[in-house]
Amino acid sequence: MTKSPKISASHEPGGLIVHISGLLPSLSPAEQRVARLVVADPADAARRTITDLATAADTSEATVIRFCRSVGMDGYPQLRIRLAAEAARRIEPPDARVVGGDIPPGADLAQIIATIAFNDARAVEETAEQLDPAVCEEVVEAIAGAGRIDIYGAGASGFVASDFQQKLHRIGRTAFYFPDVHTALTSAALLGRGDVAVGISHTGTTSDVVEVLEQAQARGAATVALTNFPRSPITEVADFVLTTAARETTYRSGAMASRLAQLTVVDCLFVGVAARNRARARKALEATAEAVRSHRVGSGRRRS
């Protein structure tokens, strides 16, 4: 029997819109239409009757009820209450022209800056809000005690994987990042119990990363998935699942808000590991900083 992964869960108050956004790809097409209306304007959705919402989503009342159950609600009344509470606590953008995160045609640079800044900040805040400290603690414990850590990612997630590997390496952890799927697979084949494999994929559907994590799990390594979607394929081969809360918009698919959200989680894990042995981590950071000091402009090599 395949054991269920430990997944970071949303915490009260709030988190419903983040939760629905994460589940959206796993919903039926009709349920997705309902979800998009709810995510776009929770306050408006909360004011609607079930008939109004079904009509706006071009679907049936039965589908709205199925949607409620798919996202963990007992029924439509509970969904409306939760949406109203979510709408009341949402932070409004500082610029009135920033609506929904999309950058409309003809937007000037000031509007572009305001939109990107607001949505990037929101991705970081919502990611931190919905992370489960208990699952993070278990991942930190596994990494801190690992004989070896392999980290996998492709595209924009590959940059995050590389960043995590460098951070861990600088505090003396044996960590590797392989951008090529063939070398990643050969590395994963050599992992075993006591090792950790981390797969990073915004969509959770990147086949290269899923395949490598599956190989690592088959070899007995503890596997960790970092994804935006808790029901995506990568979670099926992970012992621990950590989720981000980034909503990609115009011009930004898979490369901006998602990367910042992933880096937020990575930084939390890194500091958690470093804090397990502060003296060792500090000594390693000082040694690595000293090693490159002479390569900085205006800095001479320190003499003893």
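Per UniProt numbering, the sequence shown starts with residue 1, numbered consecutively.
Ideal placement from N, C-alpha and C gives every residue a C-beta, glycine not left out.
key: One or two residues paired with VAL64 in a DSSP bridge   = On the sequence shown, position 64 is the one that residue 64 refers to. VAL64 pairs with nothing; no bridge assigned.
Handout entry: Where PHE176 sits in the DSSP three-state scheme
Key = In the sequence shown, residue 176 corresponds to position 176, counting from 1. In this structure, PHE176 counts as strand in the three-state DSSP scheme.
Is the region 228-241 touching the region 25-33 in the sense that three or more CB pairs, one from each, lie closer than 8 Å? yes
SER21 to ARG293 span [Cα, whole Å]: Residue mapping note: residue 21 aligns to position 21 of the sequence shown, counting from 1. Residue mapping note: residue 293 aligns to position 293 of the sequence shown, counting from 1. Going by the C-alpha atoms only, they are around 45 Å apart.
> What does DSSP give as the partner residues of ALA197 in its beta bridges?
Replying inline: As a first step, residue 197 must be located in the sequence shown, where it is residue number 197. The partner list for ALA197 (beta bridge, DSSP) reads ASP150 and THR223.
My output table needs one value for VAL241: the three-state DSSP class, helix, strand or coil. Indexing the sequence shown from 1 puts residue 241 at position 241. If DSSP states are grouped into helix, strand and coil, VAL241 belongs with the strands.
Review point. Three or more C-beta pairs closer than 8 Å, one from the region 157-164 and one from the region 119-127: is that the case here?
Key: no
| What does a CB cutoff of less than 7 Å around ALA30 pick up in its chain, not counting 5 residues either side in sequence? | As a position in the sequence shown, residue 30 is number 30, starting the count at 1. Within the same chain, ALA30 has close Cβ partners THR59 and THR63.
Checklist entry - For GLU290, does the three-state DSSP call read helix, strand or coil? => result As a working mapping, residue 290 is identified with position 290 in the sequence shown. The answer is helix: DSSP assigns GLU290 an H, G or I state.
By how many angstroms is the C-alpha of THR55 removed from the C-alpha of ALA197?
Taking the sequence shown and counting its residues from 1, one reaches residue 197 at position 197. Taking the sequence shown and counting its residues from 1, one reaches residue 55 at position 55. Answer to the nearest angstrom: the Cα atoms are 46 Å apart.
| task | Over the uninterrupted alpha helix (DSSP H) stretch that includes SER232, give me the two end residues. | result | Translated into the one-based positions of the sequence shown, residue 232 becomes position 232. Per DSSP, SER232 belongs to no alpha helix (DSSP H) and is neither H nor E.
| query | How far does the alpha helix (DSSP H) with GLY158 in it reach, from first residue to last? | reply | Position 158 of the sequence shown, counted from the start, is the residue given in the question as residue 158. Counting along the chain, the alpha helix (DSSP H) containing GLY158 begins and ends at 156-170.
Is it buried or exposed, HIS182, if we count other Cβ atoms within 10 angstroms and call 16 or more buried?
In the sequence shown, residue 182 corresponds to position 182, counting from 1. By the neighbour-count rule (16 or more Cβ atoms within 10 Å), HIS182 is not buried but exposed.
- Task: Determine the closest residue to ALA189 out of ALA221, THR174 and THR206, with distance taken between C-alpha atoms.
- Result: Translated into positions along the sequence shown, residue 189 becomes position 189. If we check each option's Cα against that of ALA189, ALA221 comes out closest.
**Q.** Counted within 10 angstroms of its Cβ, other Cβ atoms place LEU109 as buried (16 or more) or exposed
**A.** As a first step, residue 109 is located in the sequence shown; it is residue number 109 there, counting from the start. With fewer than 16 other Cβ atoms within 10 Å, it is exposed.
- Where does the unbroken alpha helix (DSSP H) through ALA84 begin, and where does it stop? Position 84 of the sequence shown, counting from 1, holds the residue named residue 84. Per DSSP, ALA84 belongs to the alpha helix (DSSP H) from 76-89.
Next item on the list: Answer yes or no: do ASP120 and LEU263 have a C-beta to C-beta separation smaller than 8 Å?
Entry: As a working mapping, residue 120 is identified with position 120 in the sequence shown. As a working mapping, residue 263 is identified with position 263 in the sequence shown. It is not a contact, given that the beta carbons lie outside the stated cut-off.
Q: Throw me the rounded Cβ distance for the GLY75 and ILE65 pair, which I believe falls under 8 Å.
A: The residue given as residue 75 occupies position 75 in the sequence shown. The residue given as residue 65 occupies position 65 in the sequence shown. Contact holds; Cβ gap of about 6 Å.
Q) Are the beta-carbon atoms belonging to residue 378 and LEU285 less than 8 Å from one another? A) Since the first residue shown for the chain is 1 and the last is 304, residue 378 is missing from the structure and cannot be characterised.
Checklist entry - According to the neighbour-count rule (16 or more other Cβ atoms, all chains shown, within 10 Å of its Cβ), is GLU12 buried or exposed? => result The count along the sequence shown starts at 1 and reaches residue 12 at position 12. With a pLDDT of only 37 at GLU12, under the threshold of 50, the placement of this residue in the model should not be trusted; the figure read from the coordinates follows. Looking at its Cβ environment, which holds fewer than 16 other Cβ atoms inside 10 Å, GLU12 is exposed.
Requested in this report: Please decide whether GLY22 counts as near chain C, where near means a Cβ-Cβ distance under 8 Å.
Outcome: Note that chain C does not occur in the displayed structure, where there is just one protein chain.
> Between ASP44, GLU86, GLY147 and GLN78, which lies nearest to residue 387 when the distance is taken from Cα to Cα?
Replying inline: A query on residue 387 cannot be resolved here, the shown segment of the chain reaching from 1 to 304 and no further.
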